[in-house]
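Here the structure is laid out as structure tokens; the discussion comes afterwards.
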Amino acid sequence: MMMHEPLQFTGLRGTLARDAPLARYTSWRAGGRADALFVPAGRDDLAAFMRQLPPHEPLTVLGLGSNTLVRDGGVRGSVVVLHDPGAALAIADGLVYADAGVACPKLARFAALHDCADAEFLAGIPGTVGGALAMNAGCYGGETWRFVARVEVVQRDGRFEVRTPADYAIGYRSVLRRDGAAPDGVFTAAWFRFPPGVARQARARIKELLAKRIATQPLGLPNAGSVFRNPDGDHAARLIEACELKGFTIGGASVSEKQANFIVNAAGRASAADIEALITHVRKTVRERTGIDLEPEVRIIGERRHE
Ligand SMILES: Cc1cc2nc3c(=O)[nH]c(=O)nc-3n(C[C@H](O)[C@H](O)[C@H](O)COP(=O)(O)OP(=O)(O)OC[C@H]3O[C@@H](n4cnc5c(N)ncnc54)[C@H](O)[C@@H]3O)c2cc1C
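Residue numbering for the sequence shown follows this note's numbering, beginning at 17 and increasing consecutively.
Dropping the structure here:
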């Protein structure tokens with residue numbers, strides 16, 4: 017293997033670590049290490065970091081890692097983690113402003129407190145605002161981009177740009193540039209326009225949605241939410257259950273008994289290879305028995321471990 021000099025950076029606030037384990041930054045609590053891991057103190061530090069990266073250095077973004085499987089061989093290049101418990105939320109000109117590092121449940125509570133309606137669905141999405149923008153996260157009839165007025169993006173050269181939904185092609189769990197390319201840059205903030213509501217009612221709705229989630233999802237065990245996208249007119253969970261795959265286990269990874277479209281790392285000992293093998297097995301079984309090819313919703317990154 018070729019050895020590279022560690023990259024040098026100047027004037028950054030935040031934490032920078034070499035050969036850093038990523039399992040703790042993903043909700044599956046599995047997977048390998050990053051060559052370099054940077055948690056910026058703020059958006060300007062992220063921009064400064066990106067500006068100083070050599071052009072060939074791969075860059076990966078993580079929010080709360082709640083939709084990501086990191087393979088056991090880890091991620092080459094630099095990983096930035098944007099989740100930040102101190103990230104900013106504000107009301108400005110009738111819009112709700114959120115830094116990309118804000119956790120979605122926090123945004124839901126903030127919006128409710130400020131008499132906004134329809135943000136309640138975000139309370140059940142355990143990711144960041146940046147992740148919700150990248151995924152067009154949604155549930156219970158709500159979808160992130162339906163409420164976006166504009167977003168801020170930082171480019172690889174450290175330049176910030178403001179964009180509107182018209183700059184993107186938005187679909188079910190899909191956000192692309194208008195020309196069909198993957199979105200460039202890193203989301204650093206968003207301004208949301210939620211309809212007016214009543215704080216008390218919004219808080220009650222959040223409580224109701226969370227109770228529903230606790231009843232139907234294995235929230236006590238490491239998981240990454242829905243593994244597969246729902247195919248047109250059907251539900252991935254229904255198909256997986258119909259194929260009698262609930263409880264099916266490979267190594268430390270199992271199809272959840274509670275929600276068939278979730279894979280759980282019940283004892284915390286699953287490797288990413290176990291999880292990926294189970295994803296492949298479920299996909300193959302459902303395809304063979306029903307003719308439907310389930311498409312993964314989770315993003316799989318990094319390299320396989322070479323034994
Ligand atoms: C218990 C549970 C329930 C869930 N329920 C739902 C649900 O109801 N609906 C739903 O849609 N999802 C759900 N999810 C999945 C997940 O929470 C969402 O996809 C969420 O939006 C991911 O956010 P994240 O910050 O964790 O993203 P990560 O997993 O960290 O990243 C996901 C993708 O977004 C990219 N990304 C992250 N931040 C940025 C950024 N700032 N700029 C550019 N790209 C970025 C990453 O590179 C990666 O490709 C659930 C997950 C769990 C564990």
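Built from N, CA and C at the ideal position, the CB exists for glycine as well. None of these values were measured; they are calculated from a predicted model.
Three-way DSSP call (helix, strand, coil) for residue i in this model
i: Thr42; result: coil
i: Gly146; result: helix
i: Ile279; result: strand
i: Gly110; result: coil
i: Arg59; result: helix
i: Arg320; result: coil
i: Thr31; result: strand
i: Val314; result: coil
i: Gln24; result: coil
i: Arg305; result: helix
i: Val298; result: helix
i: Pro37; result: strand
i: Ala162; result: Correcting the residue type first, residue 162 is Arg in the shown sequence and not Ala. Helix at Arg162.
i: Ala135; result: coil
i: Glu73; result: coil
i: Gly154; result: strand
i: Ala52; result: strand
Buried/exposed call for residue i, threshold 16 Cβ in 10 Å
i: His322; result: exposed
i: Glu304; result: exposed
i: Glu260; result: exposed
i: Arg232; result: Going by the sequence as given, residue 232 is Thr instead of Arg. Exposed is the call here.
i: Ala116; result: buried
8 Å Cβ cutoff met for residue i and residue j
i: Phe176; j: Ala64; result: no
i: Gly93; j: Pro56; result: no
i: Glu45; j: Asn281; result: Checking the sequence shown, residue 45 turns out to be Arg, not Glu. Cβ atoms of Arg45 and Asn281: closer than 8 Å.
i: Gly89; j: Ser43; result: no
i: Ile279; j: Ile295; result: yes
i: Ala133; j: Pro211; result: yes
i: Asp290; j: Ala269; result: yes
i: Leu129; j: Trp207; result: no
i: Ala139; j: Ala119; result: no
i: Leu78; j: Phe54; result: no
i: Glu168; j: Ala197; result: no
Exercise. For the segment 77-103, which segments carrying the beta strand (DSSP E) assignment without a break, of at least 3 residues, lie completely within its bounds, in sequence order?
Worked result: Taking only runs of at least 3 residues, the beta strand (DSSP E) segments lying wholly in the segment 77-103 are 84-86 and 91-97.
For this session: With a floor of 4 residues, list each alpha helix (DSSP H) that falls wholly inside the segment 188-271, ordered by position along the chain.
Result: Runs found: 215-232 and 252-258.
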